[in-house]
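Visitor: In our numbering, the protein residues as written are 6 to 249.
Cβ atoms here follow ideal geometry from the backbone N, Cα and C, with glycine treated the same way.
Just passing along the structure, written as structure tokens.
Structure follows, in structure tokens:
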């Protein structure tokens, strides 16, 4: 069954038994394994192809739909996304592979903090959320094994409850000092060049680095006008934890 036939299924059934590569004409599936990503003769990893592998995109769509969330600037809802993909996925995929995909600016929304003040969220379009989620899943597989055993933030199968239980374990072991650190305006001041330079130590596919930069610099809609974003990472998209 072709990719377009898969997308045209009434219930968009992307089950494990119907796994198909998200390409046109190959009919093959390459299961992503971060520890065994193939190197090209030039030494650059074909990471974008891994991001667009059928099973990875299928999981990303499932995650985006389960999270729901508000529409972005184009007004498309998560329930409308599968139908849009049925009509436009080949062109979207070609743009991503060519390194020329252009994300929409994010929609600004202010959330009141419990202790006063506001947290500014950037809500991406649902298509951009899908692509960000697909990228984040691959980056997660690369970076997660390098994190500390005691790191609980933004990691699979980790939670704040586990962090609290670990604190209790340390307390029972006799530790009595706790240090709380918060960098003021950290998300708003991330330097894009330094961030991408750090990512480039492990991400060798320049198309992926260009895509991440495109998301970082896509701009934000404020009062009907798009303002540029030349620093900081917008809070609200699936890729945000991997651009901090």
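So residue 127 is in the beta strand (DSSP E); what residue range does that whole segment cover?
Guide: Element bounds for residue 127: 123-128.
Visitor: May I have the straight-line CA-CA distance separating residue 239 from residue 245, to the nearest angstrom?
Guide: Approximately 7 Å between the Cα atoms of the pair.
Visitor: Compare the Cα-Cα distances from residue 56 to each of 120, 128, 138 and 123 and report the closest residue.
Guide: Nearest option by C-alpha distance: 138.
Visitor: Any chance the segment 189-203 sits against the segment 81-95, with 3 or more Cβ pairs inside 8 Å?
Guide: Result no; under three Cβ-Cβ pairs closer than 8 Å.
Visitor: Can you give me the start and stop residues for the beta strand (DSSP E) that residue 230 sits inside?
Guide: Start and end: 230-232.
Visitor: Consult DSSP for residue 184 and reduce its assignment to one of helix, strand or coil.
Guide: Residue 184: coil per DSSP, three-state reduction.
Visitor: Under 8 Å, with one C-beta from each stretch per pair, do the segment 148-167 and the segment 109-120 reach the 3-pair mark?
Guide: Segments in contact, no.
Visitor: Check this for me: beta carbons of residue 65 and residue 142, under 8 Å apart or not?
Guide: Contact flag set, yes.
Visitor: Using DSSP with H/G/I as helix, E/B as strand and the rest coil, what is residue 219?
Guide: Residue state, collapsed to three classes: helix.
Visitor: Between the segment 156-173 and the segment 126-138, are three or more C-beta pairs nearer than 8 Å?
Guide: Flag = no, the segment 156-173 and the segment 126-138 do not touch.
Visitor: Under a three-way DSSP split, which group does residue 54 fall into?
Guide: In this structure, residue 54 counts as helix in the three-state DSSP scheme.
Visitor: Examine chain C for any beta-carbon lying closer than 8 Å to the beta-carbon of residue 226, and answer yes or no.
Guide: This model lacks chain C altogether; it includes just one protein chain.
Visitor: Within this structure, are the beta carbons of residue 127 and residue 242 separated by less than 8 Å?
Guide: Closer than 8 Å, so yes.
Visitor: By Cβ distance, which residues of its chain are closer than 7 Å to residue 207, with the 5 residues on each side in sequence left out?
Guide: Excluding positions up to five away in sequence, the list reads 147.
Visitor: Return helix, strand or coil for residue 163, following the three-state DSSP convention.
Guide: Reduced to three states, the DSSP call for residue 163 is coil.
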